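Numbering (our numbering), first residue to last: 249 to 400.
Right, dumping it as C-alpha cells:
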C-alpha cells in the first residue's frame with residue numbers, strides 16, 4: 249500500500265446578496281481562499297497536523313453556473329509537488345460562489361514503507377514545514393496559499 253494524498257470536492261451555496269449598481273467604478277473582484285480544519289465553521293487555519301484534513305474554501309469573484317475546472321497543486325516543504333488535483337465541477341443553475349477542495353495526508357505504517365514518498369519510512373517528516381498550494385479556476389491561477397504542517 250502506498251502513501252496517498254486523498255482529496256475531495258464539496259459545494260457550498262452562499263447566501264451572498266448582490267450589491268445595488270452604482271455609477272462609481274469598483275475594483276475588479278478577486279478570488280478569496282481560506283484554509284480551515286472544519287468546513288462547517290469555516291474558522292481560518294494556517295497550521296495543520298498530519299492527521300488533519302486541510303479544507304480549502306475558494307470564494308469565487310461572483311456566482312458561477314455550469315461546468316468548470318477546479319485544480320490545485322500541493323507542494324511540500326522541499327519544493328516537490330506532492331499532489332496535483334483536478335476536478336470537473338458542475339454548478340447549479342441557481343449559481344454558487346464558494347467551492348471546497350480538501351487534502352488528507354496519510355503517513356504509511358512501518359510495514360507499508362516500500363514507497364518513494366518518504367525518505368525516512370518511519371514517519372511523515374517529509375511533510376513537516378511550510379507547504380504552499382496553487383489553486384486554479386478554469387486553468388487560470390486563482391490564488392496561492394502557504395501553510396504549516398507538523399507531523400509527530
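For each residue, glycine too, the CB sits at the ideal point set by N, CA and C.
Quantities reported herein were computed from a predicted structural model and do not represent experimental measurements.
Open item on the list: Please state the DSSP three-state secondary structure of residue 296.
Closed with: Strand.
Task: With 16 other Cβ atoms within 10 Å as the buried cut-off, status of residue 324 - done: Buried.
TODO: Return the CA-CA distance between residue 294 and residue 305, expressed in angstroms with no decimal places.
DONE: Spanning the two alpha carbons is a distance of roughly 13 Å.
Task: Alpha-carbon spacing of residue 380 relative to residue 341, whole angstroms - done: So the two alpha carbons sit approximately 33 Å from each other.
- [ ] Could you tell me if residue 299 is buried or exposed, where buried requires 16 or more neighbouring beta carbons within 10 angstroms of its beta carbon?
- [x] Under this definition residue 299 is an exposed residue.
TODO: Kindly indicate which residue of 392, 385, 389 and 396 has the alpha-carbon position closest to the one of residue 317.
DONE: Here the closest residue by C-alpha is 385.
TODO: Taking residue 304 as part of the beta strand (DSSP E), name the residues at either end of that continuous run.
DONE: For residue 304, the uninterrupted beta strand (DSSP E) run begins and ends at 301-323, by DSSP.
TODO: State buried or exposed for residue 291, treating a residue as buried only when at least 16 other CB atoms are found within 10 Å of its CB.
DONE: Within 10 angstroms of the beta-carbon of residue 291 lie fewer than 16 other beta-carbons, which makes it exposed.
Task: Beta-bridge partners of residue 335, as assigned by DSSP - done: Per DSSP, 318.
- [ ] Quick one: grab the DSSP three-state call for residue 374.
- [x] Secondary structure at residue 374: helix, using DSSP grouped into helix, strand and coil.
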